[in-house]
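Visitor: Take a look at the following structure, please.
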Amino acid sequence: MIPASFEYHRPGSVDEVVSLLAELGEEGRVLAGGHSLIPMMKLRLAEPAHLIDLTGVEGLRGIAEVEGAIHIGAMTTQAEIIKSDALAERCPILREAAELIADPQVRALGTIGGNAANGDPGNDIPAVMMAVDAAYVLRGSDGERTVAARDFYQGPFETALAVGEFLTAIRIPAPPAGQGQAYCKLKRKVGDYAIAATAVTLAVDGGVCGQAAVALTNVGITPLYAEAASTALVGTAVDAAAVEAAVEAAVAITDPAADLRGPVEYRRHAAGVMTRRAIETALARAKGG
Amino acid sequence: MAKTDIKLTVNGQEAAGSVEPRTLLIHFLREQLGLTGSHIGCETSHCGACTVDLNGKSVKSCTVFAVQADGGEVLTVEGLAQGGELHPLQAAFAEDHGLQCGFCTPGMLVRAHRLLQENPDPSDAEVRVGISGNLCRCTGYQNIVKAIRNAAQAMREKEAAQ
Ligand SMILES: Cc1cc2nc3c(=O)[nH]c(=O)nc-3n(C[C@H](O)[C@H](O)[C@H](O)COP(=O)(O)OP(=O)(O)OC[C@H]3O[C@@H](n4cnc5c(N)ncnc54)[C@H](O)[C@@H]3O)c2cc1C
Ligand code: FES
Ligand code: FES
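Put into structure tokens, the structure is as follows:
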């Protein structure tokens, strides 16, 4: 279980990372918490020739509120996400989801940016970011651009990141007043990826749903934004019929693999159950429950 | 592949070595420093037997490169006892039968040490969540939880007496 040889770089600034990435091209890979990448390197599923360690790069860590929006540095660890009371107050789904990721040791090093950028459909953070309509801030030698989380995932380990680019921060728009959020995950044990999981945000005003977003983890080749399920809730009282319609629409876009976590039918069913629970929980929270 | 010189503090003492970038921290500790207390269980980031403290965090040292620890501070199970006296956690594990075969124990102890720094008075449930990254195939965890809580109490009492 020893990775292939590589050269190690430890830049101190974002600009240095950009020039290293430009110079190394396909050979360079950024290292964040290492808790997806190092296991893959040990299995020789990844053999980067150069690792660019982001740990010492200034300005990539921390949680801040900027004009109502929430900015999270890519190198903020999952443990730091859990620890932040301010974040749990403003956007509680992040703590709820982070607590369901792996175990304390993994979360001590694993980062929010690494989880978002990895591109594994089993990662929990992507669906959450789709549900809160986050934008990813990408830096490359042409400067900065942002890509919506909902547009970021293209295939297994395939994302909108171009060669030479990396993720510096995640921006979450201010959650609307009266929004409830929930992340429901079914897993076999601590430290396991989801059999199925669903992230939901929804806002109700005067008993009517004005905004809803539903996103799914590990039931397709990418995390899935369930647009039809989201639309099925908006304008309704989120009554039994609306929930049923949303669950059906969510399950319809799932296409999980049969694996150790169960056969296809089971995992699709589980996606429905998680979606129903997440909608009902988010609704109760939106109503102040 | 060229080697890199690294320098770190391990159990309060300066340690240095020359490593390939791909050398895992657990291999550096065991093979270069001769600190074989930290165990290799799964080597796939799951079991926690290799847990050490790195810069005040519990980490799985099979999933960290030694070069990443350059300049850092490491605590392994060898660093827990002070002046020939067992650490309260070690004493409690012995007293409460917190181990059987002992394979998971170095990781459990070092993890519990960090947990009690973060939360000096954890409930049963908080201990269980806290050690959920450490697998034990013998004890059924019951006595580990008991030992950690008793150690916590002993440590609080010691603190209060000072
Ligand atoms: C035992 C175990 C259980 C786990 N269980 C779960 C789980 O239940 N749910 C879950 O979601 N995850 C789980 N994980 C994965 C864990 O959350 C990882 O920490 C996370 O997926 C990757 O974050 P990282 O910081 O460790 O990234 P790394 O492993 O360092 O990087 C992962 C990938 O993303 C790229 N990358 C990292 N940061 C950036 C960046 N800023 N810009 C561009 N690319 C970047 C890297 O080049 C690499 O390709 C588990 C891991 C382990 C070992
Ligand atoms: S040996 Fe490191 S987690 Fe098992
Ligand atoms: S005492 Fe044997 S594995 Fe824990």
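In the order they appear, the protein sequences are chains H and S.
To convert, note that position 179 of the first sequence is 179 in our numbering; the numbers rise steadily by one, no gaps.
Just remember that our numbering sits 289 ahead of the position in the second sequence, which is counted from 1.
Glycine residues also receive a C-beta, built at the ideal position from the N, C-alpha and C atoms.
1. So, with DSSP's three-state summary, where would you put Ile-195 (chain H)?
2. Alpha carbon to alpha carbon, how far is Gln-442 (chain S) from Ile-420 (chain S)? Give it in angstroms, no decimals.
3. Quick check on DSSP: helix, strand or coil for Phe-382 (chain S)?
4. Measuring CA to CA, which of H:Ile-38, H:Pro-121, H:Ala-135 is closest to His-71 (chain H)?
5. If the cut is a Cβ gap below 7 Å, which residues of chain H does Val-356 (chain S) touch?
6. Does Thr-333 (chain S) have its Cβ less than 8 Å from a Cβ in chain H?
7. If you draw a straight line from the alpha carbon of Ile-329 (chain S) to that of Arg-311 (chain S), how long is it in whole angstroms?
8. Give me the Cα-Cα distance between Gly-56 (chain H) and Ser-13 (chain H), rounded to the nearest whole angstrom.
9. Assign His-316 (chain S) to one of two classes, buried (16 or more other C-beta atoms within 10 Å of its C-beta) or exposed (fewer than that).
10. Locate the alpha helix (DSSP H) running through Gly-272 (chain H), then write down its first and last residues.
11. Shorter than 7 Å, the distance from the beta carbon of Gln-389 (chain S) to the closest heavy atom of ligand 3, or not?
12. Indicate, with yes or no, if ligand 2 has a heavy atom lying under 7 Å from the CB of Cys-351 (chain S).
13. Chain H beta carbons: is any one of them nearer than 8 Å to that of Gly-419 (chain S)?
14. Give, in chain order, every unbroken run of the alpha helix (DSSP H) that is at least 4 residues long and sits entirely within the segment 25-53 of chain H.
15. So if I threshold CB-CB distances at 8 Å, which residues from the segment 123-147 of chain H count as touching chain S?
16. What alpha helix (DSSP H) runs, 4 residues minimum, are completely inside the segment 109-146 of chain H?
17. Please report the straight-line C-alpha distance between Asp-103 (chain H) and Ala-49 (chain H), rounded to a whole angstrom.
18. In three-state terms, what does DSSP make of His-335 (chain S)?
19. In the DSSP output, which residue or residues are listed as bridge partners for His-9 (chain H)?
20. So which residues on chain H does Glu-309 (chain S) lean against when the C-beta distance must stay under 7 Å?
21. Can you determine whether any heavy atom of ligand 2 sits closer than 7 Å to the C-beta of Ser-334 (chain S), and answer yes or no?
22. Just by C-beta distance, which residues in the segment 324-352 of chain S are closer than 8 Å to chain H?
23. Would you mind giving the Cβ-Cβ distance between Ala-380 (chain S) and Leu-313 (chain S), rounded to the nearest angstrom? I have them listed as a contact below 8 Å.
24. Please confirm if Gly-422 (chain S) has its CB atom under 8 Å from at least one CB of chain H.
25. Where does Lys-187 (chain H) sit, in a helix, a strand or coil, going by DSSP?
Guide: Well, looking at it:
1. Position 195 of the first sequence, counted from the start, is the residue given in the question as residue 195 (chain H). In the three-state DSSP reduction, Ile-195 (chain H) falls in the coil class, being neither helix nor strand.
2. If you number the second sequence from 1, residue 420 (chain S) lands on position 131. If you number the second sequence from 1, residue 442 (chain S) lands on position 153. Ile-420 (chain S) and Gln-442 (chain S): Cα-Cα distance of roughly 18 Å.
3. The sequence position of residue 382 (chain S) within the second sequence is 93, counting from 1. The answer is helix: DSSP assigns Phe-382 (chain S) an H, G or I state.
4. Residue 71 (chain H) sits at position 71 when you count from the first residue of the first sequence. The residue with the shortest Cα to Cα distance from His-71 (chain H) is H:Ala-135.
5. As a first step, residue 356 (chain S) must be located in the second sequence, where it is residue number 67. Here the neighbours are Tyr-8.
6. Your numbering for residue 333 (chain S) matches position 44 in the second sequence. Closer than 8 Å: yes.
7. The residue labelled residue 329 (chain S) in the question sits at position 40 within the second sequence. The residue labelled residue 311 (chain S) in the question sits at position 22 within the second sequence. Roughly 17 Å separates the two Cα atoms.
8. As a working note, residue 56 (chain H) is residue 56 in the first sequence. As a working note, residue 13 (chain H) is residue 13 in the first sequence. Rounded to the nearest angstrom, the two C-alpha atoms are 8 Å apart.
9. Taking the first residue of the second sequence as position 1, residue 316 (chain S) is located at position 27. Only buried fits His-316 (chain S), as 16 or more other CB atoms lie within 10 angstroms of its CB.
10. Residue 272 (chain H) sits at position 272 when you count from the first residue of the first sequence. Note, Gly-272 (chain H): alpha helix (DSSP H), 264-286.
11. In the second sequence, the residue the question calls residue 389 (chain S) occupies position 100. Yes; taking the cut-off as 7 Å, the Cβ of Gln-389 (chain S) has a heavy atom of ligand 3 nearer than that.
12. Here residue 351 (chain S) is taken as the residue at index 62 of the second sequence, counted from 1. Flag set: Cβ of Cys-351 (chain S) near ligand 2.
13. On the second sequence, position 130 is the one that residue 419 (chain S) refers to. Chain H contact via Cβ: present.
14. 37-42
15. none
16. 112-117, 125-131
17. As a working mapping, residue 103 (chain H) is identified with position 103 in the first sequence. As a working mapping, residue 49 (chain H) is identified with position 49 in the first sequence. Looking at the two C-alpha atoms, the distance is approximately 29 Å.
18. By one-based count along the second sequence, residue 335 (chain S) stands at place 46. In this structure, His-335 (chain S) counts as coil in the three-state DSSP scheme.
19. Taking the first residue of the first sequence as position 1, residue 9 (chain H) is located at position 9. H:Ile-52.
20. For the purposes of this step, residue 309 (chain S) is taken as residue 20 along the second sequence, with counting starting at 1. Result: Ser-5.
21. Indexing the second sequence from 1 puts residue 334 (chain S) at position 45. Checking every heavy atom of ligand 2 against the Cβ of Ser-334 (chain S), one is found closer than 7 Å.
22. Glu-332, Thr-333, Ser-334, His-335, Gly-337, Thr-340, Lys-346, Ser-347, Val-348, Lys-349, Cys-351, Thr-352
23. Locating residue 380 (chain S) in the second sequence gives position 91, where the first residue counts as 1. Locating residue 313 (chain S) in the second sequence gives position 24, where the first residue counts as 1. Cβ-Cβ separation between Ala-380 (chain S) and Leu-313 (chain S): approximately 31 Å, too far for a contact (criterion under 8 Å).
24. Counting from 1 along the second sequence, the entry for residue 422 (chain S) is found at position 133. Yes, Gly-422 (chain S) lies at the interface with chain H (some Cβ there is under 8 Å from its Cβ).
25. Numbered from its first residue, the first sequence carries residue 187 (chain H) at position 187. Here Lys-187 (chain H) sits in coil by DSSP.
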